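The sequence shown begins at 0 in numbering that gives the first Met the number 0 and counts up by one. The beta-carbon is built from N, C-alpha and C at its ideal position, and this holds for glycine as well. Being a predicted model, the structure only gives us computed values, none of them experimental.
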Amino acid sequence: MQYAYQLGGLSLVTMMECENGNWDITIRGDGGYSVGICQIHTLYHHLPREYYTSWQTQVELCNQKWQNGTKFYGPSRLVHGQKCSEFAKKRFYFE
Numbered sequence: 000m001q002y003a004y005q006l007g008g009l010s011l012v013t014m015m016e017c018e019n020g021n022w023d024i025t026i027r028g029d030g031g032y033s034v035g036i037c038q039i040h041t042l043y044h045h046l047p048r049e050y051y052t053s054w055q056t057q058v059e060l061c062n063q064k065w066q067n068g069t070k071f072y073g074p075s076r077l078v079h080g081q082k083c084s085e086f087a088k089k090r091f092y093f094e
């Protein structure tokens, strides 16, 4: 999580938290097509082999796609009546 913060700040950390609250690099969603920490959809994005086994590669690729404007839907999901991105921001403290 600290590495994600160093790369992309609080916005990257909250996006990743909203996409995959477990920070599990092996988790799959969308019928198995969305993979990893930030649930990148494999039908729309080519993923290098290392993506499936390296948390660092996942964080770097998530940051690259986030910075380049890829749409991630987790942050707009409602949690306790508010957008996940707003809810998640309150959960972290970095020095």
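| Asked | Found |
| --- | --- |
| Distance between Arg-48 and Phe-86 (C-alpha atoms, nearest Å) | 33 Å |
| Cβ-Cβ separation, Thr-13 to Ser-84 (assumed contact under 8 Å), whole Å | 5 Å |
| CB of Gly-73 within 8 Å of CB of Gln-38, strictly | yes |
| Local conformation of Leu-42 per DSSP, three classes | coil |
| Cβ-Cβ distance between Tyr-32 and Thr-25 below 8 Å | no |
| Residue environment, Asn-19, which counts as buried when at least 16 other CB atoms sit within 10 Å | buried |
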